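The structure appears below as structure tokens.
In the working numbering, the protein residues as written are 22 to 676.
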């Protein structure tokens, strides 16, 4: 594995502290000596009005061109920004554009979710607001959604919504919504819904017009029970998937918990701690009880003779006690062990609430269909971060990457999904001091077939190889950084870009090598903030033409896709769909014997009939499950046909 060079170029501006500048100079020259063919170069900087503190950049196609990705991010003033694929400003917008919200100055500390909620070809942006260190009347918690036009510009309140959260702590200020919203089809009707959680104890399920999908009324004392009421603050982003294989999606999230006599929907709550809640997605009802045998909605563990203990004696594995630490690590869903079934992976604990035995700082992996522990790994300290998942070693299972929080010696863990054992070379030490630990981005940024694991820890950017070797780090350059990085070929130039949010705006770097597979390129993996690795998903590769296209004649085309889903691609399960107008055939089978596992690349060479029409044609390809739906990225290439075949003239002789 070639090491990733630390040589960075560009104009960084004047750093605020001489010590930081001197440290940067030392790092620059010491790491440049290790330079290889891969170089990260600063290519663009765009300021924002305030610090991008906890809002991780979202990469998404805003303008309808799937070859490029735009950037959406929020700052501490509550303003949300859109930047094009070159990093140039496209727009800015805030909740202050809605009536009665003109004076709201609450920070955007979430990573915005972006989706085409209504299927009209234009995107909507969903944002939650929370100023976690400030409780002021001008900084209430809120959830809002605004719309863009088909070009990804001109944000507007028309058809959007804004709503304040509830005031649960009695200070007169609506409680903050810190976690990123997520979008999913909750009830299987083909329409997107919005899930948002808040410190007001609610998990909201909202339609695109802001109305509630769930109609719940568990608490007779609460006339504002707009969503599922957990009974305590919620810091996590929900994940949605059919974890028990019953044909209906579930909603999974973690929350804080403490004992109530009534006023919440969770029974058997006997001590302070945290809950992993699993809800029926269409209704918002708890997944538990005799009618749902084998399901679960919370986890339970405590010290039992100084060892780890899981209580399986509750009804259908429903624990009788909840854990003694809060759950503030947003769960992810994936088939981590290649058994074609969902697992749920998350961390536990916050140091402030750690019990004396401190046995509960764990990464958990649950079998979704059985509600049993797949594995649990002791991290030695709290895990606030949401895990990132990828196949870094080309075997059948996924690896789980997550960092813990420690004042003196935090670490990045890499865990085998099938066994719960550490990946060789991990855990590795990272920079201490982050106020809220954040997540990694994972991808082959050099195009050499090896994944890099990239994360920020208290202003230092770390880049690790699959064996735990630190290829690169730099401090406080270009500014203070607390968010998750985002990586991908955002400008379709064949190279990987890295987007960082800082106290000085966004900074974009480019890696010199050809970009490879990017299985986990941003916080919560995608612009939906789903935190889900689906069974079937793909990233685009190049489309290449072999020879000159002549109208009416066949031509050879190569198409490439990267498998970033959990399932293996085989001829009996996957086929290539040719969506190009006039280019035949429309469906191409995978060659016999093809087997493309997660992280691998599918290269197809196909013969197509060129239409007899001069001009520019768009070749368009997508993968499809045999007998089912298309999935993943579109592969696109414009082809110019400047010559038509000469039709043969047949003469008949007559005597």
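For every residue, glycine included, the Cβ atom is placed at its ideal position computed from N, Cα and C. As the structure is a computational prediction, the values presented were derived from the model and not from experiment.
One question on the structure: do residue i and residue j come within less than 8 Å of each other, judged by their Cβ atoms?
i: residue 237; j: residue 302; result: no
i: residue 458; j: residue 409; result: no
i: residue 258; j: residue 203; result: yes
i: residue 66; j: residue 528; result: yes
i: residue 631; j: residue 662; result: yes
i: residue 435; j: residue 543; result: no
i: residue 450; j: residue 437; result: no
i: residue 477; j: residue 423; result: no
i: residue 412; j: residue 619; result: yes
i: residue 355; j: residue 553; result: yes
i: residue 273; j: residue 216; result: no
i: residue 197; j: residue 219; result: yes
i: residue 656; j: residue 562; result: yes
i: residue 560; j: residue 538; result: yes
i: residue 226; j: residue 253; result: no
i: residue 496; j: residue 522; result: no
i: residue 91; j: residue 173; result: yes
What do you get for residue i, buried or exposed, if any count of 16 or more other CB atoms within 10 angstroms of its CB means buried?
i: residue 516; result: buried
i: residue 575; result: exposed
i: residue 388; result: buried
i: residue 157; result: exposed
i: residue 666; result: exposed
i: residue 525; result: buried
i: residue 179; result: exposed
i: residue 659; result: exposed
i: residue 351; result: buried
i: residue 285; result: Interpretation of residue 285 is limited by its pLDDT of 45, a score under 50 that renders its predicted location unreliable; no figure is taken from the coordinates.
i: residue 465; result: buried
i: residue 95; result: buried
i: residue 428; result: exposed
i: residue 490; result: exposed
i: residue 123; result: exposed
i: residue 369; result: buried
Where does residue i sit, in a helix, a strand or coil, going by DSSP?
i: residue 477; result: strand
i: residue 633; result: coil
i: residue 457; result: coil
i: residue 117; result: helix
i: residue 518; result: strand
i: residue 666; result: coil
i: residue 443; result: strand
i: residue 403; result: strand
i: residue 511; result: coil
i: residue 625; result: strand
i: residue 193; result: coil
i: residue 126; result: coil
i: residue 391; result: coil
i: residue 536; result: coil
i: residue 349; result: coil
i: residue 223; result: strand
i: residue 214; result: strand
i: residue 301; result: strand
i: residue 131; result: coil
i: residue 561; result: strand
i: residue 606; result: coil
i: residue 547; result: coil
i: residue 68; result: coil
i: residue 178; result: strand
i: residue 199; result: coil
i: residue 556; result: coil
Is residue i close to chain D? Criterion is C-beta to C-beta, closer than 8 Å.
i: residue 106; result: Judged by its chain identifiers, the structure shown contains no chain D, having just a single protein chain.
Secondary structure, beta strand (DSSP E): runs of 3+ residues fully inside the segment 409-433: 409-411, 420-424
Meets three-Cβ-pair contact criterion under 8 Å: the segment 590-604 and the segment 639-656: yes
Beta strand (DSSP E) runs contained entirely in the segment 565-600, provided each spans 3 or more residues: 575-584, 595-599
Inter-stretch contact (C-beta, 8 Å, three-pair minimum) for the segment 103-110 and the segment 74-94: yes
Secondary structure, beta strand (DSSP E): runs of 3+ residues fully inside the segment 71-100: 79-81, 91-95
Touching by the beta-carbon criterion (3+ pairs, under 8 Å), the segment 386-404 and the segment 461-477: no
Whole runs of the beta strand (DSSP E) within the segment 141-175, excluding any shorter than 3 residues: 145-150, 163-168
Meets three-Cβ-pair contact criterion under 8 Å: the segment 117-135 and the segment 542-557: yes
Segment contact flag, the segment 559-567 with the segment 576-583, C-beta cutoff 8 Å, min 3 pairs: yes
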